[in-house]
Each structure stands twice: as structure tokens, then as C-alpha cells.
Amino acid sequence: MKTIKILGSGCANCKKLEAVAREAAASAGIEADFVKVTDMKAMMAYDLLSTPGLVIDDKLVSSGRIPTQAEVRQWLAA
Amino acid sequence: MDTFLHLMNGGAGNLAAYLAAHVLLCLVPAFFIAGAMAALIPKPSITRWLGRNAPYRVSYPAAAAAGSLLAVCSCTIVPLFAGIYKKGAGLGPAITFLFFAPAGNILALAYTGSILGAEFAFARFALSLLFGIGIGLTMAVLFWRDDASHDAQTDTLFAGQADIGAAAIGVLLSLIAVLIAGTLKLWPLTATLGTVTLPLPWAEAWQATLSAWVPFDAAKGEEGVSLQGSLLILLLVLIGLSAWKGLENIVEGANRWTWVALGLAAATLLVAAMRLTPGPAGLEVALTGRAVAVGLAMAAVLHHARRLDADAWRAWLWEAWRFVKQIFVLLVVGVFVVGIVRQLIQPEWIQNLAGRNDLLANAVAVVFGVFMYFPTLVEVPVAHMFLDLGMHRGPLLAYLMADPELSLQSILMVAAVIGRPKTFTYVGLVALFSIVAGLSYGAWVDGADRAWIVGGLGTFVAVLVAALSWLLRHRAIPAQV
């Protein structure tokens, strides 16, 4: 069971990132818990300078851009 | 009922006028440039100058550059602001970044230039830069104790190094060439290279119909809808439809609709760059130097874009499309509402309140700017309305400085990051400095001695820099108390 956090204030990119991550998890057959982090202070706990950020099991794997589904599957498999 | 129709007409007329050729020639390239900046400029290439150990003569200009190049949307502004403040160069550069971002980004500059004139856009840019750095320095001087007490955290967030690729630079420069070729009002861009008359007998009748639908009063500064304008509106609708299918999932790859949307965007720019005049014989199409220049610049964009790797150009198109979705719809609604409101405001009110360049007029403009909140870029048509109604350019600039920088939303956001006392100081400083900016620009427009204005502003910044460097040299001793 993976925990996937989406860091972002709810802008268009954050919604897109969540959709990409959900599809990637579903297509890889991995069960994941999705958490949306909108609080700025909680976000600053991770080292990021722009949203959206993607955190898998408490590790920041991407920020400031939308990864492809293939990338997310790789991170989920790691 | 008549009043209602009259108001709707005002809104529609204003909207149609804003979708005219010269605005699109600026906005369409500006959206692509904004997307390219967000996707193709690696953030570490600028943020590495914003680390804790950067000297202030590096960090303040870097903060302004970050505001101008990286921060076209709030997704970057808030995290970058918090990051610079908490983990990077400190309060001063963070404030400079925050203040300069709404005024210094490419969309705001290009749009201000096409609606209010290049000189006004330049004044907005230069004074926002000057006062952005000034407010940052002042905050750093006032709250230097706070910055000194920040523990020395790791600098990893700002340690990353990256350079912009050659292809990305090529794309950015040729996009800027499209913008310049589309907007400059200079020979040979304005020259007519040849004309063709298309045998379209309905052209003149269609123009008459358009003028009947959207009656306009040139004396009041209103613009009607031309045949060219109606063609452009049609093209825009088609772009919107094809982009929805072609760009919504661009991250996973392009499809047929992607190319349709891009082709239509290029066609829109070319049509906007030509001159279409309906006449009795049909539609006269004039090939202008502008159309040739825009065409060549777009070919250059294509040439460089082909050398981008797939991830990069997909990200670029996605960011451009996202800006369009986020901003354009609100802009269209905003312009429509501004057109309605304009019918309700008596020019005398504005002229009495802010027709002169004095302290009261500038203060009123700033207070209005702080309490009104308009979505991104809508402040520009609002300013245009005020200008038409007789507002002096000085208070107008004061309003344009205060409005996007300060709104209830941004005040709350800043308060969450830096706390209330600093936020109130910041708000006070922005109000004060906006008034000073308005008075300076107003005096400039009125023909006051320009050496005095430039000298005064220069002295002001020099004093701030001296104060900060004095504090930096002496901060080690009191900080240990």
C-alpha cells in the first residue's frame, strides 16, 4: 500500500497531476492512498519551489511539472 | 428594457473591440511565451542565485528576474515566495519577487503595451522594478533582526544548477520576435507590399451588418467590430474547440487535433497581421510587411521547436493551453463587464476624483486598487476604461501598481507565510510607494523636469542600499545579544 501525496493549492496542474497519478496507479495495479496537501506550511516541509508536487511514500519525486503516466509507474514500482 | 439592451451592447462592443487584430497579435504570442517560460526555463537556472549565501547585489536582481521569468501563475508565486523567504535569500528578495511578479511578467507587459501603449507598459515595468527592489530593501532593513535569527539551514533547495538548452532559447527568442513583429508600429512592418481584391460581394453588406449590431461612438473612444474582427473571432472559437481535443492530453502525446489547433493559431496571427478592407468590388486584402515578418518569425519558432525533445514541447504546449484556460475566459468575462460598467459611470465623477495628478487623486486610485480584486490581466481593461473616462495617467499608474500587487487574497496568503506585522508593513509600503510612483509618472507626463525625477528616484534607492549594507556589516554584533 503506497501513500501518494499531491502538493498544490488546487490549481489546474494539481488536478491534472492527480488524474495522471490515479490512472498510473490503476493501470499498474497498485493500491494507493491519495492525500491532497493544500496547506502551504505542510508543503514547505518538502523541498519544492513550485507546485504541483508529487510525493510517494514521503519522498518528493517531482515538482513544478506534470510527469507522464509511465514515469509515475516507474516511481511506484521503485 | 432599453437600458438593459444598451448595457448589453456596451459589453458586447467592448468585448468585440478587445478581440480586434492588434490585441490578438499581442495576446496569442504572449500566451505561447508564457507557456515556454514556465516549461522550458529550468527553475534552478535562476533560483541558484537566490540561496542563503548569495550577496544582496545578486539576490535582489535575481529575485526580480525570477518574478519576471518564472512566475506567470500562482502555482509558482506562492511556493517560490515561501521558499525564498524561509530557506533562501530572506525577506527582502522574497518581497521583491512577490511585488514584481504580477507587473513584470510577459503577459502583463505585452497586454498593457497593446491596450494602454508601449510608453505606459515601460513605465509600469521600470517603476515596478525600482519600487519592488525598494520595498524589498526597506522590509529587509526594518526586519533585519528577523532575517539574522534565521538558523543556517541547508542550502540544497537552491543548490541545483541548470542551463537553458539551445533549442529552448531559440524557441523563446523567435516567439518574442513574433510578438515584436506583431505589435511594433514601425516601417517596414506597416508598409503595404501588395493588394488582392477577392470577389466577395457580401463583404460590404456584412460590414454594414456588423456596424449595426455593435454601434459605436468614435468620439467616446469606442471601437466597433470590423469584418477582420469577425473573422478573427470565428478563428478563436475554432481554436478553442480544436484545442480542447488536441491539447487537453498533450502530456501523453500529440494527436491530429493538436496540429489543427496550432495551424489555426498560426492562421489567426497571419490574418490579424494583414489588412482587410471591404469595398464595393469585394474584399481587398493587403499583404503587409507585418504579415511577412510574423510569418518568418513563426517559421523560426517551428524550426527551433522541432529540436526540442518530446517532453519539452509537450510541456510547453500544455502550459500555454493551461494559461489560456485559466486567464482567457476570465478576461473575456471581465472585458464584457467592464463594457457594461462603463456605460454607468459618468466621466465627471472620474475627472473630479482623479483627473489631476495630485496626492488625493493618487491616494484614491491606490485605495480603489487595494479594495477591488480583478482576476489576472483584467486590471488592464479596467485601467483603459478609466483612461477613456478622463483619469490622469499618474493616478492610473498608481492604481495599476496597487491593484495586482495587493488584494485581500494575496494579503491573506502573504500573512500565512510571513506573519501579520510584516504583512501590514508590506501593505503600507506598497500603498505608499504606489502613490509615489503615480506622482512621479504623472509629473513625467505633465512635462516636469525629468532630471529631477530620475535623480530623486536614484537617490532614494542609493539611500536604501547604503542602509542595508551598513546593517549587514553591523548585524553580527547585535544578533548575538
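Taken in order, these protein sequences are the chains called S and L.
Going letter by letter, the first sequence gives residues 0 to 77 in numbering that gives the first Met the number 0.
Going letter by letter, the second sequence gives residues 0 to 480 in numbering that gives the first Met the number 0.
Ideal placement from N, C-alpha and C gives every residue a C-beta, glycine not left out.
Since the model is a prediction, treat every value here as computed from it, not as a measurement.
Check                                                                                                                                                                                                                 : Outcome
Is L48/S close to chain L, meaning its C-beta is less than 8 angstroms from at least one C-beta of that chain?                                                                                                        : yes
Checking contacts by CB at 8 angstroms: is R21/S closer than that to chain L?                                                                                                                                         : no
By the 10 Å Cβ neighbour count, where 16 or more other Cβ atoms means buried, how is V480/L classified, buried or exposed?                                                                                            : Low local confidence applies: a pLDDT of 33 at V480/L is under 50, so the model's placement there is unreliable, with the coordinate-based value given in what follows. Classification for V480/L: exposed.
Which of the three DSSP states, helix, strand or coil, is assigned to S439/L?                                                                                                                                         : helix
Would you say L307/L lies against chain S (beta-carbon separation less than 8 angstroms)?                                                                                                                             : no
Which residues of chain S have a Cβ atom closer than 7 angstroms to the Cβ of Q325/L, listed in chain order?                                                                                                          : A11
Kindly indicate the opening and closing residues of the alpha helix (DSSP H) around G288/L.                                                                                                                           : G288 to A304
So is V250/L in contact with chain S if we call contact Cβ pairs under 8 angstroms?                                                                                                                                   : yes
Between which two residues does the beta strand (DSSP E) holding I168/L run?                                                                                                                                          : Note, I168/L: premise wrong, no beta strand (DSSP E); alpha helix (DSSP H) at A165 to T182.
For the segment 188-198 of chain L against the segment 322-342 of chain L, do three or more pairs of beta-carbon atoms, one drawn from each stretch, fall closer than 8 angstroms, so that the two count as touching? : no
Would you mind sorting I344/L into buried or exposed? The rule is 16 or more other CB atoms within 10 Å of its CB.                                                                                                    : exposed
Within 8 angstroms (strictly less), CB to CB, does L79/L reach chain S?                                                                                                                                               : yes
Would you please verify whether the beta carbon of M0/S is less than 8 angstroms from any beta carbon of chain L?                                                                                                     : no
When the cut-off is 8 angstroms and only beta carbons count, does R72/S lie next to chain L?                                                                                                                          : no
Do M273/L and A285/L have their C-beta atoms within less than 8 angstroms of each other?                                                                                                                              : yes
For chain S, find out if any of its Cβ atoms is closer than 8 angstroms to the Cβ of K422/L; answer yes or no.                                                                                                        : Position check: residue 422/L holds Thr in this sequence, whereas Lys was assumed. No, no contact with chain S.
Mind listing, in chain order, the continuous beta strand (DSSP E) runs of no fewer than 3 residues lying wholly within the segment 10-56 of chain S?                                                                  : 31-36 and 52-55
Which residue wins for smallest C-alpha separation from T37/S, given the options A25/S, E30/S and C13/S?                                                                                                              : C13/S
Could you list which residues in chain L have their beta carbon closer than 9 angstroms to that of G63/S, in chain order?                                                                                             : A37, K42, C74, T75 and P78
Exposed or buried, E404/L, counting other C-beta atoms within 10 Å across all chains shown (16 or more means buried)?                                                                                                 : buried
Along the chain, where does the alpha helix (DSSP H) containing K244/L start, and where does it finish?                                                                                                               : L226 to G245
Let me know if Q160/L comes out buried or exposed under the rule of 16 or more other beta-carbons within 10 Å of its beta-carbon.                                                                                     : exposed
Helix, strand or coil, according to DSSP, for P277/L in the structure here?                                                                                                                                           : strand
Once you ignore the five residues that flank L24/L on each side, which residues in its own chain have a CB closer than 7 angstroms to its CB?                                                                         : G181, T182, L268, A271 and A272
Which same chain residues end up closer than 7 angstroms to L230/L when comparing Cβ atoms and leaving out the 5 residues on each side of it in sequence?                                                             : V270
By how many angstroms is the C-alpha of N52/L removed from the C-alpha of K42/L?                                                                                                                                      : 18 angstroms
Out of A38/L, A296/L, G354/L and L467/L, state which residue places its alpha-carbon closest to the alpha-carbon of I163/L.                                                                                           : A38/L
Can you grab the Cα-Cα spacing for the pair S225/L / T276/L, in whole Å?                                                                                                                                              : 9 angstroms
To the nearest angstrom, report how far apart A478/L and L115/L are at their CA atoms.                                                                                                                                : Confidence at A478/L is low in this model, with a pLDDT of 40, below 50, so the placement of that residue should be treated as unreliable; the coordinate-derived value is given next. Distance between the alpha carbons of A478/L and L115/L: 48 angstroms.
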